[in-house]
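Trainee: First the structure, which I've put down as structure tokens, then a few questions once you've had a look.
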Amino acid sequence: MQLPDQPVLRDIVLVGGGHSHVGVLKRFGMHPVPGVRLSVICRDTHTPYSGMLPGYVAGHYSYDEVHIDLSRLARFAGARLFRDEALGLDRDAGKVLCRNRPPVPYDTLSINIGSTPQMSRVVGAAEHAVPVKPINGFNARWQLLLERVRKHAGVTRIAVVGAGAGGVELTLAMQYRLRRELRAAGRDPDELSFHLLTRGAVILRTHNASVRRAFERVLAERGVELHCNAEAVQVSAARLQTARGETVDADEIVWVTRAGGAPWLRETGLALDADGFIQVSDTLQTLTDPKVFAAGDVASMINHPLEKAGVFAVRQGAPLAENLRRTVEGKALKPYRPQTRWLALISTGDQYAVASRGALGFQGAWVWRWKDWIDRRFMLKFSQLPTIEAGPTEAVPSLVKLDREEAAQAISAIAMRCGGCGAKVGATVLSRALGALHPVARDDVLIGLHAPDDAAVVRVTPGKAMVHTVDFFRAFIDDPYIFGKVAANHALGDIFAMGAEAQSATAIVTVPAGLEAKVEDVLFQMMSGAIE
């Protein structure tokens, strides 16, 4: 939680609500840095945990069980949550450019937005295939696919492109769920047919031979037709064509391959790898800009090439939080060295899984129960947030490194802190207080304290009147831009209720203490919303 009455000295902005950033929020909530304000830019208020996504598709978990409430987590961390989408960076000005709001300034920036399907490289894929990534939008796409299959008469052919762990696991999860759906509807589950395509010679290329054999056997037993050396080069409404000229008929095509960095990253000037991912050093700082960090799938560690797996995004959360903290405190950063081998628990659709680590591989229902226990324990870290006792009501010394001018502003911000306003009182209290007044009566005051209404009405010239209203209330949302919109519309409501037309407005704003640039931005964001 953030400390009350602490001047804002530094802004850390988190772009994306991925696995690394939820770890950062949790750690800053447990151990806030006085004077540091966190802001999160993310389109969604619920972020999915990729490790449980196949189980959700298979029907083993509910939506809530596999999603982290990002809004609640942000409140715990004392962070502002801006529901928007980043479209670019102005690194010279230190601002994130957004789709639907004014730019968001940062002192330190972290990007954790996952990967984006590179479907434009394959003719027709963007129009006719269902991408799994970005996973924060997959639920909506999956629900639409599920409904189409339910309504489809006769045989439904489903093709999955990509036979890494994600593609194999998702194929088996979809098959398990859809067969149950058809059976529940009184239909023959054998009306479903599945195809799994990979451009490689084998499935699960990064796993050992025993794990590959286990899944080849499961796929064969369940009637999934496997197409190796079958790179998809063209997609139409009902079929796929491979580089070898093979044609695969499919009513639904799911895309689990060819992921890369978001297109807007190419315009940032940051160093990217061949797939458009941000290149970072061992400290998770970008090679180009020490103020910008990246983690998870969107990051490419130049000294430690990693598979795009959720386990690494999760484990990067702790070192990322530590180095963000050290950056604002002016301390030396710590290098992060990921493990060279990791445990992968890959489910088979039903409650059965295969474990893979290096040359080891083992399987069973007990492996699925083990995976289920690990996944649920991870999610509990974000659903059962600890209660943190409120900190001191006065500002505490900050560890943030400031220059001389900033230090002077910080001292001034504390000394000149306004106590604020009593905000709104109840209607009964207001009526009694105003009713006890005896204002001077004027003929040109048509509606005033003698006959209170939504607004006062004053005659300015014969046949014309001006409606006056004043409005003020405390911020109920941590997004000043949205609050400015709401406040302006709320004030206009009294004018419209009187049947009048708005002509002009004045504003009074109470802003949090902080450095001049921080206060300026809050005021700019709020007034930008108010004048729209």
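Once you know that position 64 of the sequence shown is 60 in this note's numbering, the rest is easy, because the numbers rise by one and skip nothing. Just so it is clear, CB atoms sit at the ideal spot from N, CA and C, and this is done for glycine as well. Because the structure is a prediction, the values reported are computed rather than measured.
1. Taking the beta carbon of cysteine 414 as the centre, do at least 16 other beta carbons fall within 10 Å, making it buried, or is it exposed?
2. So does the segment 47 to 62 actually touch the segment 97 to 111, counting three or more Cβ pairs closer than 8 Å?
3. What does the alpha-carbon distance come out to for the pair serine 524 and aspartate 80?
4. So, isoleucine 107 versus serine 46, is the Cβ gap smaller than 9 Å?
5. Quick check on DSSP: helix, strand or coil for histidine 191?
6. Hey, how far is the Cα of glycine 158 from the Cα of serine 206?
7. Glycine 360 to glutamine 347, Cα distance in whole Å?
8. Could you work out which residue in Asp285, Phe358, Ile370 and Val276 is closest to proline 331 when comparing CA atoms only?
9. Measuring only the C-alpha atoms, how far is valine 62 from leucine 376?
10. What are the residues that DSSP puts in a beta bridge with serine 35?
11. Identify every residue that forms a DSSP beta bridge with glycine 360.
12. Hey, is the segment 60 to 76 in contact with the segment 228 to 246, meaning 3+ C-beta pairs nearer than 8 Å?
13. Roughly how many angstroms lie between the CA atoms of glutamine 281 and valine 252, to the nearest whole one?
14. I want to know whether the segment 313 to 327 touches the segment 177 to 185 - three or more CB-CB distances under 8 Å.
15. On the criterion of 16 or more Cβ atoms from any shown chain inside 10 Å, does glycine 418 qualify as buried, or is it exposed?
16. Determine the extent of the alpha helix (DSSP H) in which glutamine 139 is found, giving its start and end residues.
17. 9 Å is my cut-off, CB to CB: does aspartate 475 come that close to chain B?
18. Going by DSSP, which residues form a beta bridge with threonine 152?
19. Going by C-alpha to C-alpha distance, which of Lys367, Lys287, Ala526 and His15 sits closest to valine 92?
20. Here's the rule: buried if 16 or more other CB atoms are within 10 angstroms of the residue's CB, otherwise exposed. What is alanine 136?
21. Among Leu105, Gln230, Phe211 and His17, which one has its Cα closest to the Cα of glycine 120?
22. Taking 9 Å as the threshold (C-beta atoms), are alanine 155 and histidine 191 in contact?
23. Is the separation between the beta-carbon of glycine 306 and that of asparagine 204 shorter than 9 Å?
24. If you run the structure through DSSP and keep just helix, strand and coil, what is proline 476?
25. Does DSSP put leucine 302 in a helix, a strand or coil?
26. Suppose you measure from the CA of glutamine 312 to the CA of leucine 283; what does that come to, to the nearest Å?
27. Run through DSSP, which three-state label would phenylalanine 468 get?
28. What number of angstroms, rounded off, separates the C-alpha of alanine 295 from the C-alpha of phenylalanine 273?
29. Quick check for students: name the residue ranges of the beta strand (DSSP E) that lie wholly in the segment 228 to 270, counting only runs of 3 or more.
30. Is the beta carbon of valine 310 sitting closer than 9 Å to the one on phenylalanine 374?
31. Tell me which residue opens and which closes the alpha helix (DSSP H) that isoleucine 527 is part of.
32. Give me the Cα-Cα distance between threonine 264 and proline 315, rounded to the nearest whole angstrom.
33. Under a Cβ-count criterion, where at least 16 other Cβ atoms within 10 Å of its own Cβ denotes burial, should threonine 167 be classed as buried or exposed?
34. If alanine 82 sits next to isoleucine 8, beta carbons under 8 Å apart, how far is it from one beta carbon to the other, in whole angstroms?
35. Buried or exposed: where does tryptophan 597 fall if 16 or more other Cβ atoms within 10 Å of its Cβ makes it buried?
Mentor: Taking the coordinates as given:
1. A caution first: cysteine 414 carries a pLDDT of 45, below 50, which makes its placement in the model unreliable, though a value can still be read off. Exposed.
2. Touching, no, given that fewer than three Cβ pairs across the two stretches are closer than 8 Å.
3. Straight across, the Cα-Cα distance linking serine 524 with aspartate 80 is about 15 Å.
4. No. Outside cutoff.
5. If DSSP states are grouped into helix, strand and coil, histidine 191 belongs with the strands.
6. C-alpha separation (whole angstroms): 20 Å.
7. Straight through space, the alpha carbons of glutamine 347 and glycine 360 are spaced by roughly 9 Å.
8. That would be Val276, whose Cα lies nearest to the Cα of proline 331.
9. Cα atoms of valine 62 and leucine 376: separation of roughly 11 Å, rounded to the nearest angstrom.
10. Looking at the DSSP output, serine 35 shares a beta bridge with Val9 and Arg76.
11. Answer is Ala349, bridged to glycine 360.
12. Judged by Cβ distances under 8 Å, the segment 60 to 76 makes no contact with the segment 228 to 246, as fewer than three pairs qualify.
13. Between the alpha carbons of glutamine 281 and valine 252 lies a distance of about 28 Å.
14. Under the Cβ criterion (8 Å, minimum of three pairs), the segment 313 to 327 does not count as touching the segment 177 to 185.
15. Caution is warranted here: a pLDDT of 40 is assigned to glycine 418, below 50, making its placement in the model unreliable, and no coordinate value can be reported.
16. Per DSSP, glutamine 139 belongs to the alpha helix (DSSP H) from 134 to 147.
17. Considering every chain present, this structure includes no chain B. It has just one protein chain.
18. Looking at the DSSP assignment, threonine 152 forms a beta bridge with Leu188.
19. Measuring from the Cα of valine 92, the nearest candidate turns out to be Lys287.
20. The residue in question, alanine 136, is exposed, as its Cβ has fewer than 16 Cβ neighbours within 10 Å.
21. Of Leu105, Gln230, Phe211 and His17, the residue nearest in Cα terms is Gln230.
22. Their beta carbons are under 9 Å apart, which means histidine 191 touches alanine 155 by this criterion.
23. No, these two residues do not count as a Cβ contact at 9 Å.
24. Here proline 476 sits in helix by DSSP.
25. Note: leucine 302 maps to coil in three-state DSSP.
26. Straight-line Cα distance between these residues: approximately 17 Å.
27. Coil.
28. Cα-Cα distance, rounded: 6 Å.
29. Unbroken beta strand (DSSP E) runs of no fewer than 3 residues, entirely contained in the segment 228 to 270, are found at 228 to 231, 235 to 238, 243 to 245 and 248 to 251, following chain order.
30. At the C-beta level, valine 310 and phenylalanine 374 come within 9 Å of one another.
31. Note, isoleucine 527: alpha helix (DSSP H), 512 to 527.
32. One C-alpha to the other measures close to 24 Å.
33. Threonine 167 sits buried, since 16 or more C-beta atoms from the chains shown fall within 10 Å of its C-beta.
34. With a Cβ gap of about 15 Å, alanine 82 and isoleucine 8 do not count as contacting.
35. Residue 597 falls outside the range modelled here, since the chain spans only -3 to 528, and no answer is possible.
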